[in-house]
Structure formats: C-alpha cells, structure tokens
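Chemist:
2 protein chains.
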Amino acid sequence: MITVLSGGVGAARLIRALNLVTDPRDITAVVNVGDDLVLHGLTICPDLDTISYTLAGLNNDELGWGLAGETWRVMEELARLGGAAWFALGDRDLATHLYRTQRLFEGATKTEVTHELCERWGVRTRLLPVTNDPIATTFDTEIGPLSFQDYFVRHHHDVVVNAITVQGALTATVTDEALSALEQSSRIVIAPSNPLISIDPILQVGNVRELLASRRRDVVAVSPLVNGAALKGPADRLMRELGHNATSVGIADFYQDLAGTLVIDQADRELATQIESRGMKVHVTTTIMANPDDARRLATVVLA
Amino acid sequence: MITVLSGGVGAARLIRALNLVTDPRDITAVVNVGDDLVLHGLTICPDLDTISYTLAGLNNDELGWGLAGETWRVMEELARLGGAAWFALGDRDLATHLYRTQRLFEGATKTEVTHELCERWGVRTRLLPVTNDPIATTFDTEIGPLSFQDYFVRHHHDVVVNAITVQGALTATVTDEALSALEQSSRIVIAPSNPLISIDPILQVGNVRELLASRRRDVVAVSPLVNGAALKGPADRLMRELGHNATSVGIADFYQDLAGTLVIDQADRELATQIESRGMKVHVTTTIMANPDDARRLATVVLA
Numbered sequence: 001m002i003t004v005l006s007g008g009v010g011a012a013r014l015i016r017a018l019n020l021v022t023d024p025r026d027i028t029a030v031v032n033v034g035d036d037l038v039l040h041g042l043t044i045c046p047d048l049d050t051i052s053y054t055l056a057g058l059n060n061d062e063l064g065w066g067l068a069g070e071t072w073r074v075m076e077e078l079a080r081l082g083g084a085a086w087f088a089l090g091d092r093d094l095a096t097h098l099y100r101t102q103r104l105f106e107g108a109t110k111t112e113v114t115h116e117l118c119e120r121w122g123v124r125t126r127l128l129p130v131t132n133d134p135i136a137t138t139f140d141t142e143i144g145p146l147s148f149q150d151y152f153v154r155h156h157h158d159v160v161v162n163a164i165t166v167q168g169a170l171t172a173t174v175t176d177e178a179l180s181a182l183e184q185s186s187r188i189v190i191a192p193s194n195p196l197i198s199i200d201p202i203l204q205v206g207n208v209r210e211l212l213a214s215r216r217r218d219v220v221a222v223s224p225l226v227n228g229a230a231l232k233g234p235a236d237r238l239m240r241e242l243g244h245n246a247t248s249v250g251i252a253d254f255y256q257d258l259a260g261t262l263v264i265d266q267a268d269r270e271l272a273t274q275i276e277s278r279g280m281k282v283h284v285t286t287t288i289m290a291n292p293d294d295a296r297r298l299a300t301v302v303l304a
Numbered sequence: 305m306i307t308v309l310s311g312g313v314g315a316a317r318l319i320r321a322l323n324l325v326t327d328p329r330d331i332t333a334v335v336n337v338g339d340d341l342v343l344h345g346l347t348i349c350p351d352l353d354t355i356s357y358t359l360a361g362l363n364n365d366e367l368g369w370g371l372a373g374e375t376w377r378v379m380e381e382l383a384r385l386g387g388a389a390w391f392a393l394g395d396r397d398l399a400t401h402l403y404r405t406q407r408l409f410e411g412a413t414k415t416e417v418t419h420e421l422c423e424r425w426g427v428r429t430r431l432l433p434v435t436n437d438p439i440a441t442t443f444d445t446e447i448g449p450l451s452f453q454d455y456f457v458r459h460h461h462d463v464v465v466n467a468i469t470v471q472g473a474l475t476a477t478v479t480d481e482a483l484s485a486l487e488q489s490s491r492i493v494i495a496p497s498n499p500l501i502s503i504d505p506i507l508q509v510g511n512v513r514e515l516l517a518s519r520r521r522d523v524v525a526v527s528p529l530v531n532g533a534a535l536k537g538p539a540d541r542l543m544r545e546l547g548h549n550a551t552s553v554g555i556a557d558f559y560q561d562l563a564g565t566l567v568i569d570q571a572d573r574e575l576a577t578q579i580e581s582r583g584m585k586v587h588v589t590t591t592i593m594a595n596p597d598d599a600r601r602l603a604t605v606v607l608a
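In structure tokens form, the structure reads like this:
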C-alpha cells in the first residue's frame with residue numbers, strides 16, 4: 001500500500017504514473033482541500049476533481065483543468081446576468097458540484113461523496129480528502145487578504161504574497177480513513193505539488209506533520225521544481241516571496257524533517273550533494289512525465 | 305397602481321395580459337415563495353422565475369416552465385452521476401439559480417436579487433417575493449409528509465393530500481415593499497393561481513390576509529376553475545380532497561372575506577347567482593386567455 005500526499009495537477013500526473021506500474025487499488029491519495037470553495041452555493045473541490053478527472057481519463061488537457069469535451073452554456077448565461085463567471089465552471093463539471101453539494105446537504109461526508117463519484121467514473125485509486133472539516137488556505141498579499149481562488153484564479157497568482165494561512169487547520173480532524181492510510185502504508189509519497197499551498201495545508205491538519213516525521217524513513221518527496229522553476233503554477237515565485245530557496249534545495253529544506261528521500265530531476269543533479277547534506281537520500285531521474293516512458297520511470301524510482 | 309397576488313403560470317399570463325392594457329410599471333406582483341426550494345445547494349424560486357421568464361418573453365411554452373431554447377447538459381451529466389435529476393433544471397435556467405444563490409450568499413435579499421434579474425431581462429413589472437424569510441408549503445399525504453416539489457414534481461401531484469401546511473409563515477415578515485404595494489395600490493388582483501398552494505401561502509404570511517380583508521372592496525379575484533376544472537395543475541383535485549367545492553362557487557367561498565369581486569368564465573355563468581349570494585360582485589368573461597384578444601378583454605374586466 002502506497003499513500004500519496006496530493007495537490008492537483010502534479011499529483012494527478014504522478015498517481016497516473018504510479019498506476020502504470022502498480023495496482024491502482026494499492027494506491028491511496030490523501031488530498032488537499034484547502035482550496036475548496038463554496039461558490040454559487042456549490043461546494044467545489046478543485047484538487048479532488050482534478051485527480052479523479054485525470055484518473056478517469058476525462059481531464060481537459062488543453063485547459064489543464066476541468067473535463068474534456070466541455071461546454072459552457074451555464075457560464076455564458078451567468079455572464080449575461082452579470083454573475084460571478086470569473087471562476088469558469090463547465091456544464092459537465094457543474095454536474096459534479098451539484099451532485100456533491102446535494103449529497104453533503106443530505107448528510108454525506110466529503111469522503112463519502114468522493115468515493116461515490118470515483119465509483120461512478122471507474123476510478124480505482126482511493127481518493128481521500130485529508131479532512132471532512134472545512135479548511136481554507138488564504139493569502140495575505142500586497143493588495144490585502146485574498147481567498148485561495150481570488151488569489152489563484154481571479155488574480156492569476158500574480159500579486160505578491162506576504163503570508164499564507166490555512167484557516168481551520170488547527171481544529172480540523174484528519175479522517176479515520178486518511179489517518180490509517182498514512183499509518184499503515186509501506187510508503188508515503190509527497191507528490192510534486194506546490195509545497196506551500198497544496199502540501200502544507202495537508203500537513204497542517206491535525207497531526208499529519210508529526211505522523212510523517214515519525215515515518216520519515218518511508219517518506220519520499222518528489223521535487224516540483226526543475227532548474228528553479230515550477231512546471232505549472234506559482235510554486236517558485238511563492239517560495240521566493242516567502243523567503244525560501246526556490247530550487248530543489250529549498251524543497252529539501254522544506255521537507256527535510258518529514259521525508260527521508262527526495263527525487264529530483266536530472267537538470268538539478270548538481271544539487272544532490274547539497275540535499276544529501278540535509279540528511280536526505282537523493283534519487284535523480286526525469287521528473288517531468290512528458291511521456292509514458294518517463295512517467296513509468298519516475299513511478300519506478302518513487303516505489304523503489 | 306395595481307398589485308397582483310401571484311403564483312406561477314396563471315399569474316404570469318394574467319400579468320402579461322394586464323401589460324397589454326396598462327403601463328407595466330404600474331403593476332406590482334406580490335409573489336408566492338412557498339414552493340421555493342434549495343436543491344444542489346441552489347436557491348430556486350419557481351413562481352418568481354415563471355413570471356419573470358414569461359414577462360421577458362423567454363418562457364418555454366412547450367414545456368410550460370423554464371426557458372425557451374433550453375439545453376440540458378448539466379442534467380444529463382448529473383443523471384449519469386446518479387444525482388437528483390428528477391427536478392429538471394436547464395442550463396440557462398441554472399444560471400439564474402447560480403446567480404441568485406451567490407447574491408443571497410453575499411447578503412442580498414430575495415427582493416433585491418429579483419430586482420436585479422428583472423432589470424437584466426428588461427422586465428418592467430415589479431416582482432416582489434411576499435417575504436424574504438424562508439417559508440415552505442408542505443403536504444400531509446396518503447404516502448406521508450412531502451415537500452412541495454416532492455408532491456408537485458416528483459409525484460406529479462398524483463397522491464391524495466390530507467392537509468397543507470405553510471411552514472414558517474407565522475414568523476415570516478412581509479417585506480416593506482410588498483406591504484406598501486398592498487396598502488397603496490388602488491386595486492388588488494388575486495391571480496387565477498391555485499388558491500390552496502399559490503395564493504394561500506401568500507395570505508398566511510404576516511398580516512396579508514387581514515390587510516386584504518380590510519381592503520375587500522378593492523380586491524378582485526379571478527377564478528382559476530372553469531367548469532369545475534383547472535386549466536393546469538391540481539387546483540380542482542386539491543379543492544375536492546380538502547373539502548372545498550371544486551367550482552367557481554368554491555373559489556368564492558374561499559375568497560369571500562377578502563375579495564369584493566370574482567371574475568368567472570362564461571362557462572360558469574349559471575353560478576353567478578350563487579356567488580352573488582356570498583356578497584360578491586361577479587364579472588363574467590372569457591378567463592382562459594387563449595389569444596391576445598381574450599387576454600386583453602380579461603385584463604380590461606379586471607381593471608374596470
């Protein structure tokens with residue numbers, strides 16, 4: 001059994017890669033919910049949806065989010081009404097959020113709804129929100145406090161961030177399912193997701209950070225930075241703005257108490273010695289997953 | 305200034321008729337919200353939407369509800385997910401509910417949101433929910449208690465009803481706007497809507513019933529029954545099941561304390577004497593509004 005700490009796109013791609021070399025049912029993803037939001041009354045879980053859409057083969061590769069073959073009737077009409085159409089929700093995607101919101105209203109947990117949706121889509125990897133409680137990653141920025149999606153989507157993560165806070169994390173409870181996955185899996189993988197806004201919100205819930213620290217030998221992190229840059233999103237910029245080294249060495253500093261091993265890209269191979277000096281083992285491979293062969297190779301390294 | 309107590313379809317058609325013979329800005333509709341619902345997290349106001357869609361010329365005449373030229377992408381996908389697709393919400397219609405729900409979440413009242421939507425659609429008649437507080441018309445039936453839409457849509461109003469209750473009506477407050485419309489208009493019209501499930505929930509809020517009784521001389525009701533049958537919906541059946549006379553005489557009995565005048569269809573002309581014996585004036589005309597001439601004639605009678 002493998003457990004993957006997961007944000008959105010980077011994690012989805014890593015889990016898809018792991019599925020190439022192992023039984024999907026042996027993989028559990030413990031997923032960030034810090035960027036979940038309620039918009040138009042709908043509960044939206046971007047990271048859970050990105051992973052399940054990707055694993056179901058339904059993801060929209062052109063956009064990098066949402067569903068393939070999507071239409072936009074509702075958003076077109078909402079824009080005409082002067083509604084909040086800046087957060088684009090496709091018609092098929094909306095059905096997911098309607099389904100989830102109604103089930104939550106009926107008393108189901110986020111964990112249960114996620115399971116139901118995955119069953120429907122034939123996703124065999126187990127996806128678990130780290131908590132069923134509401135948590136919210138928020139940003140203190142140069143233009144004032146912003147919610148996650150205000151920062152990420154509305155402002156295209158193009159404002160200077162002074163601090164990140166995960167509201168509710170202190171009092172949120174890790175679900176029993178996520179806890180036992182983290183305790184019982186033979187390996188814990190930290191996906192190449194944004195450390196500050198995808199992985200850290202998971203670590204801040206309950207005792208996840210302490211639990212990982214206690215299992216440090218079994219924890220493998222995959223660096224999301226290659227040659228000082230993120231493939232997608234603001235990880236490098238945020239690392240710099242918040243005083244971290246925006247390289248795989250900075251990633252090592254960030255994870256050194258939690259992960260015994262860091263997987264870095266070939267482009268960063270000259271950083272290996274510095275990282276090893278933090279007491280971490282280093283594996284060098286191609287981390288970008290540009291094709292199935294690279295994906296398979298990365299997965300093999302992560303599981304080795 | 306004319307105020308119309310309004311349910312959905314019947315009221316929408318009467319207001320459209322009134323708009324043919326008077327300035328739409330001189331008409332205010334005080335609208336039932338007892339069949340409003342929250343589904344998928346969305347606040348849906350069927351009667352307000354039916355009226356505004358109809359007055360905007362956007363209504364779907366084939367279906368009898370919803371918007372013309374509608375598509376069903378979201379519902380198709382929701383059905384695939386096993387979601388609650390029994391309450392059909394078209395893609396364009398959904399945009400209305402998303403807009404409303406988000407604005408309510410932001411602190412707007414139902415009255416304010418209705419005004420915004422009507423502005424957007426160019427509806428000049430003023431539509432006012434009778435209350436901004438939640439009220440819910442519910443049914444005690446042969447198969448147990450049912451919510452409005454469970455009774456009306458899910459069970460196609462085809463179960464025996466023993467009692468109707470408007471939850472929350474006692475503590476709900478009539479909005480200032482609705483109150484002053486009812487107090488200050490020269491005439492109050494009770495639309496040919498279902499008396500039991502469209503009009504009565506309005507009457508039960510706050511002091512609306514007393515207010516109408518005090519203005520009985522200025523109140524004109526249009527009978528929704530023609531020859532003992534409703535044009536649409538379960539008004540006749542419900543009248544019978546709840547011990548009323550399912551004819552225009554029964555309508556007169558129901559409204560006699562509130563309305564000084566009843567407008568009935570030519571088919572019911574032989575009931576005029578019985579109705580007059582209740583102390584009501586009777587006007588006989590064609591109430592069915594099958595064409596613009598009939599609609600105009602009815603409107604003229606109602607305003608006379």
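Respectively, the protein sequence lines represent chains A and B.
Start counting the first sequence at 1; every next residue gets the next number (my numbering).
Start counting the second sequence at 305; every next residue gets the next number (my numbering).
Each residue gets a CB set at the ideal place from its N, CA and C atoms; glycine is no exception.
State yes or no: is the C-beta of alanine 321 (chain B) within less than 9 Å of the C-beta of valine 427 (chain B)?
Modeler: The sequence position of residue 321 (chain B) within the second sequence is 17, counting from 1. The sequence position of residue 427 (chain B) within the second sequence is 123, counting from 1. In this structure, valine 427 (chain B) does not lie closer than 9 Å to alanine 321 (chain B) by Cβ.
Chemist: Does isoleucine 565 (chain B) get closer than 9 Å to chain A when you measure Cβ to Cβ?
Modeler: To locate residue 565 (chain B), count along the second sequence from 1; it is residue 261. Sequence inspection shows threonine at residue 565 (chain B); the isoleucine mentioned does not correspond to that position. Taking Cβ atoms only, chain A never reaches closer than 9 Å to threonine 565 (chain B), which makes this a no.
Chemist: Provide the residue span of the beta strand (DSSP E) that contains threonine 173 (chain A), from first to last.
Modeler: Within the first sequence, numbered from 1, the residue matching residue 173 (chain A) stands at position 173. Note, threonine 173 (chain A): premise wrong, no beta strand (DSSP E); not H, not E.
Chemist: Taking 9 Å as the CB-CB cut-off, is tyrosine 559 (chain B) touching chain E?
Modeler: In the structure shown, chain E cannot be found, because the protein chains are A and B.
Chemist: If we define contact as Cβ-Cβ less than 9 Å, is valine 378 (chain B) a contact residue for chain A?
Modeler: By 1-based counting over the second sequence, the position of residue 378 (chain B) is 74. With 9 Å as the cut-off, valine 378 (chain B) counts as an interface residue toward chain A.
Chemist: Pull up the CB-CB distance for leucine 382 (chain B) and alanine 169 (chain A), whole angstroms please, since I reckon it's below 8 Å.
Modeler: For the purposes of this step, residue 382 (chain B) is identified with residue 78 of the second sequence, where counting begins at 1. For the purposes of this step, residue 169 (chain A) is identified with residue 169 of the first sequence, where counting begins at 1. That pair is no contact at about 32 Å.
Chemist: On a Cα-Cα basis, can you pick out the residue from B:Val605, B:Gly532, B:Ile503, B:Thr441 that is closest to asparagine 549 (chain B)?
Modeler: By one-based count along the second sequence, residue 549 (chain B) stands at place 245. Checked all of B:Val605, B:Gly532, B:Ile503, B:Thr441; the closest Cα to asparagine 549 (chain B) is B:Gly532.
Chemist: Tell me the rounded alpha-carbon separation between leucine 37 (chain A) and proline 596 (chain B).
Modeler: As a working note, residue 37 (chain A) is residue 37 in the first sequence. As a working note, residue 596 (chain B) is residue 292 in the second sequence. So the two alpha carbons sit approximately 48 Å from each other.
Chemist: Spatial neighbours of valine 301 (chain A) within its chain, please: C-beta separation below 8 Å, excluding the five flanking residues on both sides.
Modeler: On the first sequence, residue 301 (chain A) is found 301 positions in, with the first residue counted as 1. So the list reads Val263, His283, Thr285, once near-sequence residues are dropped.
Chemist: Can you find the residues in the same chain that come closer than 7 Å, C-beta to C-beta, to glycine 564 (chain B), ignoring five residues on each side of it along the sequence?
Modeler: In the second sequence, residue 564 (chain B) corresponds to position 260, counting from 1. For glycine 564 (chain B), where only same-chain residues beyond five positions count, the Cβ hits under 7 Å are Arg520, Arg521, Val523, Met584, Lys585.
Chemist: Could you tell me which residues DSSP puts in a beta bridge with serine 6 (chain A)?
Modeler: If you number the first sequence from 1, residue 6 (chain A) lands on position 6. Bridge partners of serine 6 (chain A): A:Val31.
Chemist: For a test of the three-state rule: what should DSSP assign to phenylalanine 254 (chain A), helix, strand or coil?
Modeler: Reading the first sequence from its first residue, position 254 is the one you call residue 254 (chain A). Reduced to three states, the DSSP call for phenylalanine 254 (chain A) is helix.
Chemist: Around the Cβ of tryptophan 369 (chain B), are there at least 16 other Cβ atoms within 10 angstroms (buried) or fewer (exposed)?
Modeler: Walking along the second sequence from the start, residue 369 (chain B) turns up at place 65. By the 10 Å Cβ count, tryptophan 369 (chain B) comes out buried.
Chemist: Going by CA-CA distance only, name the one from B:Met305, B:Ser581, B:Phe391 that's closest to tryptophan 376 (chain B).
Modeler: Translated into positions along the second sequence, residue 376 (chain B) becomes position 72. Tryptophan 376 (chain B) has its Cα closest to that of B:Phe391, out of B:Met305, B:Ser581, B:Phe391.
Chemist: State yes or no: is the beta carbon of alanine 372 (chain B) nearer than 9 Å to at least one beta carbon in chain A?
Modeler: Residue mapping note: residue 372 (chain B) aligns to position 68 of the second sequence, counting from 1. Closer than 9 Å: no.
Chemist: Please tell me whether glutamine 102 (chain A) has its Cβ less than 9 Å away from any Cβ of chain B.
Modeler: Looking up residue 102 (chain A) in the first sequence gives position 102. Output row for glutamine 102 (chain A): interface = yes.
Chemist: For chain B, find out if any of its Cβ atoms is closer than 9 Å to the Cβ of tyrosine 99 (chain A); answer yes or no.
Modeler: Within the first sequence, the letter at position 99 stands for residue 99 (chain A). Taking Cβ atoms only, chain B reaches closer than 9 Å to tyrosine 99 (chain A), which makes this a yes.
Chemist: Counting only C-beta atoms, is isoleucine 458 (chain B) closer than 9 Å to chain A at any point?
Modeler: Position 154 of the second sequence, counted from the start, is the residue given in the question as residue 458 (chain B). It should be noted that the sequence gives arginine, not isoleucine, for residue 458 (chain B). Judged by the 9 Å Cβ criterion, arginine 458 (chain B) is not in contact with chain A.
Chemist: Go ahead and pull the three-state DSSP assignment for phenylalanine 139 (chain A).
Modeler: For this step, residue 139 (chain A) is matched to residue 139 along the first sequence. DSSP places phenylalanine 139 (chain A) in strand when its eight states are reduced to three.
Chemist: Is it right to say histidine 156 (chain A) is buried, meaning 16 or more other beta carbons lie within 10 angstroms of its own, or is it exposed?
Modeler: As a first step, residue 156 (chain A) must be located in the first sequence, where it is residue number 156. Under this definition histidine 156 (chain A) is an exposed residue.
Chemist: Is it buried or exposed, proline 46 (chain A), if we count other Cβ atoms within 10 angstroms and call 16 or more buried?
Modeler: Translated into positions along the first sequence, residue 46 (chain A) becomes position 46. It counts as buried.
Chemist: Given a threshold of 16 other Cβ atoms within 10 Å of its Cβ, counted over all protein chains shown, does alanine 290 (chain A) qualify as buried or as exposed?
Modeler: The residue given as residue 290 (chain A) occupies position 290 in the first sequence. Counting Cβ neighbours within 10 Å, alanine 290 (chain A) comes out exposed, since fewer than 16 surround it.
Chemist: Starting from glutamine 204 (chain A), follow the beta strand (DSSP E) in both directions and report where the run begins and ends.
Modeler: Along the first sequence, one-based indexing puts residue 204 (chain A) at 204. Glutamine 204 (chain A) -> no beta strand (DSSP E), and no H or E assigned at all.
Chemist: Among B:Glu420, B:Pro499, B:Leu393, B:Val434, whose alpha-carbon lies nearest the alpha-carbon of histidine 344 (chain B)?
Modeler: Mapped onto the second sequence, residue 344 (chain B) falls at position 40. Of the candidates B:Glu420, B:Pro499, B:Leu393, B:Val434, the one whose C-alpha sits nearest the C-alpha of histidine 344 (chain B) is B:Leu393.
Chemist: If we count Cβ pairs, one from each stretch, closer than 8 Å, do we get three or more for the stretch 248 to 256 of chain A versus the stretch 314 to 329 of chain B?
Modeler: Contact fails: fewer than three Cβ-Cβ distances are below 8 Å.
Chemist: I believe glycine 8 (chain A) touches serine 198 (chain A) by the beta-carbon criterion, under 8 Å. Please report the beta-carbon distance rounded to the nearest angstrom.
Modeler: The sequence position of residue 8 (chain A) within the first sequence is 8, counting from 1. The sequence position of residue 198 (chain A) within the first sequence is 198, counting from 1. About 7 Å; that satisfies the 8 Å criterion.
Chemist: Since phenylalanine 105 (chain A) meets chain B, which of its residues come closer than 7 Å, beta carbon to beta carbon?
Modeler: What you label residue 105 (chain A) is simply residue 105 of the first sequence in a count that begins at 1. What phenylalanine 105 (chain A) touches in chain B: Gly345.
Chemist: What residue range does the beta strand (DSSP E) around threonine 285 (chain A) cover?
Modeler: Residue numbering aside, residue 285 (chain A) sits at position 285 when the first sequence is read from its first letter. Element bounds for threonine 285 (chain A): 281 to 285.
Chemist: Give me whichever residues DSSP pairs with leucine 37 (chain A) in a beta bridge.
Modeler: Counting from one through the first sequence, the residue named residue 37 (chain A) turns up at place 37. DSSP lists A:Ile44 as partners of leucine 37 (chain A).
Chemist: Any idea if lysine 536 (chain B) is buried or exposed, counting beta-carbon neighbours within 10 angstroms, 16 or more meaning buried?
Modeler: Residue numbering aside, residue 536 (chain B) sits at position 232 when the second sequence is read from its first letter. Looking at its Cβ environment, which holds fewer than 16 other Cβ atoms inside 10 Å, lysine 536 (chain B) is exposed.
Chemist: Valine 30 (chain A) and leucine 5 (chain A): beta carbons closer than 9 Å?
Modeler: If you number the first sequence from 1, residue 30 (chain A) lands on position 30. If you number the first sequence from 1, residue 5 (chain A) lands on position 5. Cβ atoms of valine 30 (chain A) and leucine 5 (chain A): closer than 9 Å.
Chemist: Taking the alpha carbon of threonine 114 (chain A) as the point to measure from, which residue in B:Leu483, B:Leu542, B:Leu385 has its own alpha carbon closest?
Modeler: Position 114 of the first sequence, counted from the start, is the residue given in the question as residue 114 (chain A). For threonine 114 (chain A), the nearest C-alpha among the options comes from B:Leu385.
Chemist: Under a Cβ-count criterion, where at least 16 other Cβ atoms within 10 Å of its own Cβ denotes burial, should glutamate 487 (chain B) be classed as buried or exposed?
Modeler: On the second sequence, residue 487 (chain B) is found 183 positions in, with the first residue counted as 1. Exposed is the call here.
Chemist: Let me check one thing: in DSSP terms, what residues is isoleucine 579 (chain B) bridge-paired to?
Modeler: Your numbering for residue 579 (chain B) matches position 275 in the second sequence. Answer is none; isoleucine 579 (chain B) lacks a bridge partner.
Chemist: So which residues of chain A does aspartate 597 (chain B) contact, with C-beta pairs closer than 8 Å?
Modeler: Position 293 of the second sequence, counted from the start, is the residue given in the question as residue 597 (chain B). What aspartate 597 (chain B) touches in chain A: nothing, since even the nearest Cβ is about 34 Å away.
Chemist: Could you tell me the alpha carbon to alpha carbon distance between threonine 101 (chain A) and valine 478 (chain B), rounded to whole angstroms?
Modeler: Along the first sequence, read from residue 1 onward, the residue named residue 101 (chain A) stands at position 101. Along the second sequence, read from residue 1 onward, the residue named residue 478 (chain B) stands at position 174. Taking the straight line from one Cα to the other gives about 30 Å.
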